[in-house]
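Per UniProt numbering, numbering through the sequence shown is continuous, rising by one, with the last residue being 270.
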Amino acid sequence: MTSDSGLSVPFDRLDVSTNRLLKAPKASYGNEERGVTESLSNSLKSTTTQQLKEWLKGGKSTDDVFKLLTLDNVADDLLATPQLQAWINYMKLFNEENPKQQTTLIKTLTSHYDDAGVAKIIETAKQVPATATIAKRLQTEQIQRWIAQEKSPDGVFKLLNLDIAADQLFKQPQVVTWAKYVDDFNKAHPEQKTKMFSALVKYDEQTLVDMLVAAQKVPTTERIAVQVQANLTNAWLTLKKAPNDVFKMLKLYKDGNRTRDFDFGEELFE
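This is how it looks when you write it as structure tokens:
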């Protein structure tokens with residue numbers, strides 16, 4: 001599978017030893033967080049290849065080891081946790097030994113954190129250089145899994161709990177994952193193309209406009225807001241909405257002066 005970054009090595013083929021992982025540079029945090037990191041590293045040192053083999057011989061499932069490594073309660077920082085590589089190494093051993101019971105990282109994460117939780121983990125990790133690559137690769141795996149399951153964009157919207165986000169929609173990190181899913185879904189199913197705007201028609205116009213104005217000021221949601229804004233503009237054109245009504249809604253002018261630089265398409269005001 002190939003991700004946006006051009007990487008094509010699946011997780012079960014990653015071959016990073018525990019020792020190599022331990023030598024990776026660590027970021028400097030507060031004393032308390034540094035203590036936690038050192039504790040995790042010390043814990044990982046004992047998780048040698050021999051230990052993994054003993055777990056395998058003892059019949060431990062990948063889920064058992066996931067919990068033994070306390071990966072089931074790490075949440076947002078999961079992809080930066082040293083024990084994750086130890087688990088991936090165990091998954092490789094387990095899959096080789098049990099070809100009919102093979103599992104994947106995305107499947108295991110979803111079983112513990114659900115789709116919305118995994119999407120949040122991914123988006124958090126994408127903002128950190130040290131975990132951005134694995135996060136993008138994992139996001140590709142998550143999206144491809146949904147496509148294989150024939151999830152509709154609207155279905156994924158609900159799966160990510162975005163249908164209950166109300167006016168905080170664009171503040172939810174998983175909205176970025178959903179937007180990418182819409183793009184990838186449309187490429188995979190051109191005959192079923194859908195627009196992000198279709199999932200947002202439940203919002204009243206003023207609320208949606210205010211949300212879009214705010215979202216365009218945030219780098220991670222700017223592109224999404226611009227696309228939805230274009231759809232909204234087309235809807236207004238189709239409805240022949242009066243320019244004066246749009247001006248008032250956008251709060252573009254006050255006392256004859258322009259108060260906000262927000263482009264909803266020049267054709268709307270021609």
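Each residue gets a CB set at the ideal place from its N, CA and C atoms; glycine is no exception.
Discussion item. In this structure, how does DSSP classify Ser61 when only helix, strand and coil are distinguished?
Written reply: Along the sequence shown, read from residue 1 onward, the residue named residue 61 stands at position 61. Ser61 falls in the coil class under three-state DSSP.
Fill in: Closest by C-alpha distance to Ala188, when choosing among Arg145, Met249, Asp64 and Leu84
For the purposes of this step, residue 188 is taken as the residue at position 188 of the sequence shown. With distances taken between Cα atoms, Ala188 lies closest to Arg145.
Practice prompt. Alpha carbon to alpha carbon, how far is Thr233 from Ala214? Give it in angstroms, no decimals.
Written response: Taking the first residue of the sequence shown as position 1, residue 214 is located at position 214. Taking the first residue of the sequence shown as position 1, residue 233 is located at position 233. Their backbone Cα atoms lie some 17 Å apart in a straight line.
Discussion item. Between Val156 and Tyr181, how many whole angstroms is the CB-CB distance? I'm expecting something under 8 Å.
Written reply: Here the question's residue 156 lines up with position 156 in the sequence shown. Here the question's residue 181 lines up with position 181 in the sequence shown. Between Tyr181 and Val156 the Cβ distance is about 5 Å, and since that is below 8 Å, they are a contact.
Worksheet entry | 8 Å contact criterion, which Val65 and Tyr90 should meet: CB distance rounded | Counted from its first residue, the sequence shown places residue 65 at position 65. Counted from its first residue, the sequence shown places residue 90 at position 90. Between Tyr90 and Val65 the Cβ distance is about 5 Å, and since that is below 8 Å, they are a contact.
Fill in: Cβ distance (whole Å) where Glu96 is taken to contact Gln174 below 8 Å
Position 96 of the sequence shown, counted from the first residue, corresponds to residue 96. Position 174 of the sequence shown, counted from the first residue, corresponds to residue 174. Going by Cβ atoms, the distance from Glu96 to Gln174 rounds to 33 Å, so no, they are not a contact pair.
Discussion item. Alpha carbons only, please: which of Leu84, Leu93 and Asn231 is nearest the one belonging to Gly58?
Written reply: On the sequence shown, position 58 is the one that residue 58 refers to. The shortest Cα separation from Gly58 among Leu84, Leu93 and Asn231 belongs to Leu93.
Item to complete: Look at the alpha carbon of Asp76 and the alpha carbon of Asp245, and state the distance between them as a whole number of angstroms.
Response: Indexing the sequence shown from 1 puts residue 76 at position 76. Indexing the sequence shown from 1 puts residue 245 at position 245. For Asp76 and Asp245, the distance between alpha carbons rounds to 43 Å.
Item to complete: For Asn98, name the three-state secondary structure that DSSP assigns.
Response: Walking along the sequence shown from the start, residue 98 turns up at place 98. Note: Asn98 maps to coil in three-state DSSP.
Worksheet entry | 6 Å Cβ shell around His112 - same chain, five flanking residues per side excluded | On the sequence shown, position 112 is the one that residue 112 refers to. Hits under 6 Å: Asp72.
Discussion item. Shorter than 6 Å, the distance from the beta carbon of Ile122 to the closest heavy atom of the ligand NAP, or not?
Written reply: The ligand NAP is absent from the structure shown, which contains no ligands of any kind.
Practice prompt. Kindly indicate which residue of Leu56, Lys241 and Phe197 has the alpha-carbon position closest to the one of Gln227.
Written response: Translated into the one-based positions of the sequence shown, residue 227 becomes position 227. Looking at the Cα atoms, Phe197 is the closest of the given residues.
Worksheet item: DSSP three-state call for Asn161: helix, strand or coil?
Response: As a first step, residue 161 is located in the sequence shown; it is residue number 161 there, counting from the start. Three-state result, Asn161: coil.
Discussion item. Can you tell me whether Phe185 is buried or exposed? The criterion is at least 16 other CB atoms within 10 Å of its CB, across all chains shown.
Written reply: The count along the sequence shown starts at 1 and reaches residue 185 at position 185. So Phe185 counts as buried.
Item to complete: Determine the direct distance from the alpha carbon of Gln149 to that of Lys171, and round the result to whole angstroms.
Response: Numbered from its first residue, the sequence shown carries residue 171 at position 171. Numbered from its first residue, the sequence shown carries residue 149 at position 149. Rounded to the nearest angstrom, the two C-alpha atoms are 27 Å apart.
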